[in-house]
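*Asks:* Residue numbers (UniProt numbering): 259 to 628.
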Amino acid sequence: EKGGWDSFMNKEIHEQPQAVADTLLGRFNLDGDLNLDEVRIDEEVFRSIDKIIVIACGTAAYAGMVAKYAIEHWVRIPVEVELAHEFRYRDPILNSRTLVIAISQSGETMDTLMALRHAREQGSRVLAICNTQGSTIPRESDAVLYTHAGPEIAVASTKAFVAQIIAAYLIGLYLAQVKGAMYRDEIRDIVDDLRAMPAKIQRVLDTQAEAVESAAQAMVDAQSFLFLGRHVGYPVAMEGALKLKEIAYTFTEGFAAGELKHGPIALVDSGEPVVVIVPPARGRNVLHSKVLSAIEEVRARGAYTIAVAEEGDEDVREYADIVFWRPQCPTLMSPLVDVIPLQLLAMDMAKLKGLDIDKPRNLAKSVTVE
Ligand code: F6R
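1) For Arg584, count neighbouring C-beta atoms within 10 Å of its own C-beta (all shown protein chains included) and say buried if the count is 16 or more, exposed if not.
2) Starting from Phe266, trace the alpha helix (DSSP H) both ways and give me its first and last residue.
3) Please list the terminal residues of the continuous alpha helix (DSSP H) segment that includes Trp332.
4) How should Arg442 be labelled, buried or exposed, when 16 other C-beta atoms within 10 angstroms of its C-beta is the threshold for buried?
5) Among Lys623, Ala418, Val544 and Val556, which has the Cα closest to the Cα of Asp527?
6) When every heavy atom of the ligand F6R is checked, does at least one fall within less than 7 Å of the C-beta of Ala318?
7) Determine contact between the segment 345-357 and the segment 449-469, defined as no fewer than three beta-carbon pairs at a distance below 8 Å.
8) I'd like to confirm something about Thr370: is its beta-carbon nearer than 7 Å to some heavy atom of the ligand MN, or not?
9) Going residue by residue through the segment 284-319, where are the continuous alpha helix (DSSP H) segments of at least 4 residues, counting only ones entirely within it?
10) Using the three-state DSSP reduction, which class does Ile411 fall into: helix, strand or coil?
11) Can you tell me whether Gly487 is buried or exposed, with buried defined as 16 or more other CB within 10 angstroms of its CB?
12) Cβ atoms of Pro522 and Leu484: under 8 Å apart, would you say?
13) Check whether the Cβ of Ala500 sits closer than 7 Å to any heavy atom of the ligand F6R, and report yes or no.
14) Do Lys611 and Ala506 have their beta-carbon atoms positioned less than 8 Å apart in this structure?
15) Assign Ser382 to one of three DSSP states: helix, strand, or coil.
16) Any heavy atom of the ligand F6R closer than 7 Å to the beta-carbon of Gln363?
17) In the DSSP assignment, what are the bridge partners of Pro531?
18) Given that a residue counts as buried once 16 or more other Cβ atoms are within 10 Å of its Cβ, and exposed if not, what is Thr370?
19) For my contact list, Ala425 and Ile387 are in at a C-beta cut-off of 8 Å; report their separation, rounded to the angstrom.
20) Would you check if the distance between the CB atom of Val303 and the CB atom of Val337 is smaller than 8 Å?
21) With burial defined as no fewer than 16 other Cβ atoms inside 10 Å of the residue's Cβ, what is the status of Val627: buried or exposed?
22) In chain order, what residues of the same chain lie with their CB nearer than 6 Å to the CB of Arg298, ignoring the 5 residues before and after it?
23) Can you tell me whether Leu621 is buried or exposed, with buried defined as 16 or more other CB within 10 angstroms of its CB?
24) Considering only their Cβ atoms, is the gap separating Tyr562 from Ala476 smaller than 8 Å?
25) Count the CB pairs spanning the segment 586-598 and the segment 534-546 that are closer than 8 Å, and state whether there are at least three.
26) Measure the C-alpha to C-alpha separation of Ala321 and Gln422 and round it to an integer number of angstroms.
27) Are Gln601 and Lys501 touching if we call contact CB-CB under 8 Å?
28) Per DSSP, which one or two residues make a beta bridge with Glu568?
29) With 16 other CB atoms within 10 Å as the buried threshold, where does Leu603 fall?
30) If you measure from the CB of Glu340, is any heavy atom of the ligand F6R nearer than 7 Å?
31) Quick check: is any heavy atom of the ligand F6R less than 7 Å from the C-beta of Val402?
32) Cα separation between Leu294 and Asp280?
33) With 16 other CB atoms within 10 Å as the buried threshold, where does His546 fall?
34) Where do the ends of the beta strand (DSSP E) carrying Tyr404 lie?
35) Shorter than 7 Å, the distance from the beta carbon of Ala414 to the closest heavy atom of the ligand F6R, or not?
36) For Ala474, which three-state DSSP category applies?
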């Protein structure tokens, strides 16, 4: 069933263009407007929503963090992202105008299930984003928007992550549409950007594997790895760090690049691998130069620097030991491509170490205990 691939993870990484395309499919009506009738929450209810809380764990929570940047920007309502296991025990503020989005690939994560039950008891509506038809989380939610990534077998989540981002973006755009928070044309432009992503992911898969492999070879013996990013690059950094710890058992930390000088830079010593997600340079993006200076800082201390940067971003070359190139795309779309080389890096490192890529030690595909 691996269809010729050496691992399910490898297969699933390569299924990401399809996972994105399939999750977009059928969510629009003939004149191009978003249509989420399948969600079966009244438009009136959506219009009354004044706050979103995302509850999820692990990779699904990072997808939620990415979506926070987009939804707050588009809809102008606050979005909180809360680890499901922390949420329930801190007396969260919830009411009928709060939309709780529970994100789960498996639909069976006990922490997320308990959190959503708590939210419903407090009178909030819960909308699940889930990849598994008929699983417990969508059954216990008020509504569900399924990701169409197909079955994910490898323990490390890959294609579910990109599909979760797409689903959460669709919810955000739908909210913007029903609340009138954006012009129709603006929404359409973003939808066009989303539709362009499968080909861009494919391009990364087709062109970046060698660079990733050589980085993995150079750094396979490293004791630890740091990942940094800003804005949507921040959750992507944490997701890259999680992948590497899960399957290559490398000690990693992912953090916001702006935090570097507030502590983590003390960790950087000669030969320390540091992966930096560099935002697009276009559109006078102020964060671009800030992230470049973060690379410069760690490099000056002897770090082995790996950058994920936009094709054509010549400034990056002089700072990075190796660059994984991302096709040009708007900042909010960049997580969908930036995560790909990080998944490949974790897989290549695990392979070089001779580890079981699909079934890392101590982990199960779904965590059905609290
Ligand atoms: C990461 C991973 C876990 C899951 C988390 C949530 O690769 O697999 O962090 O993302 O346990 O699982 P779901 O999405 O099934 O609720």
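A virtual CB, placed ideally from N, CA and C, is assigned to each residue, including glycine.
*Replies:* So, from the data block:
1) Label assigned to Arg584: buried.
2) That run of the alpha helix (DSSP H) goes Phe266 to His272.
3) Looking at the DSSP string, the run of the alpha helix (DSSP H) that includes Trp332 is Gly316 to Val333.
4) Counting Cβ neighbours within 10 Å, Arg442 comes out exposed, since fewer than 16 surround it.
5) If we check each option's Cα against that of Asp527, Val556 comes out closest.
6) Yes, the ligand F6R has a heavy atom inside 7 Å of this Cβ.
7) As far as the Cβ criterion goes, the segment 345-357 does not touch the segment 449-469, which means the pair count is below three.
8) Among the ligands in the structure shown, the ligand MN does not appear; only the ligand F6R can be found there.
9) With a minimum length of 4 residues, the continuous alpha helix (DSSP H) runs that stay inside the segment 284-319 are 301-306.
10) Ile411 falls in the coil class under three-state DSSP.
11) The Cβ neighbour count for Gly487, taken over all protein chains shown within 10 Å, is at least 16; the residue is labelled buried.
12) Pro522 is positioned such that its CB atom lies closer than 8 Å to that of Leu484.
13) As written in the sequence, residue 500 is Leu, which differs from the Ala given in the question. The answer is yes for Leu500.
14) In this structure, Lys611 lies closer than 8 Å to Ala506 by Cβ.
15) Coil, per DSSP.
16) At least one heavy atom of the ligand F6R is nearer than 7 Å to the Cβ of Gln363, so yes.
17) Tyr562.
18) By the beta-carbon neighbour count (other beta carbons within 10 angstroms, threshold 16), Thr370 is buried.
19) Confirmed, Cβ separation roughly 4 Å.
20) A distance of 8 Å or more separates the beta carbons of Val303 and Val337.
21) Counting every other CB atom within 10 Å of its CB across the protein chains shown gives Val627 a total below 16, marking it as exposed.
22) Around Arg298, the same chain offers Ala401 as residues with beta carbons nearer than 6 Å, after the five sequence neighbours per side are excluded.
23) Only exposed fits Leu621, as fewer than 16 other CB atoms lie within 10 angstroms of its CB.
24) In contact: Ala476 and Tyr562 (Cβ atoms closer than 8 Å).
25) Under the Cβ criterion (8 Å, minimum of three pairs), the segment 586-598 counts as touching the segment 534-546.
26) Cα to Cα, the separation comes out at about 6 Å.
27) Contact: yes.
28) DSSP, once it has assigned bridges, lists Arg584 as partnering Glu568.
29) Buried, because 16 or more other Cβ atoms sit within 10 Å of the Cβ of Leu603.
30) At a threshold of 7 Å, Glu340 does not count as near the ligand F6R, since its beta carbon sits no closer than that to any of the ligand's heavy atoms.
31) Checking the Cβ of Val402 against the ligand F6R gives no.
32) A straight-line Cα-Cα distance of about 15 Å links Leu294 and Asp280.
33) By the beta-carbon neighbour count (other beta carbons within 10 angstroms, threshold 16), His546 is buried.
34) Ala401 to Tyr404 is the span of the beta strand (DSSP E), which, as asked, contains Tyr404.
35) Answer for Ala414: yes, Cβ within range of the ligand F6R.
36) In the three-state reduction of the DSSP assignment, Ala474 falls in the helix class, which pools H, G and I.
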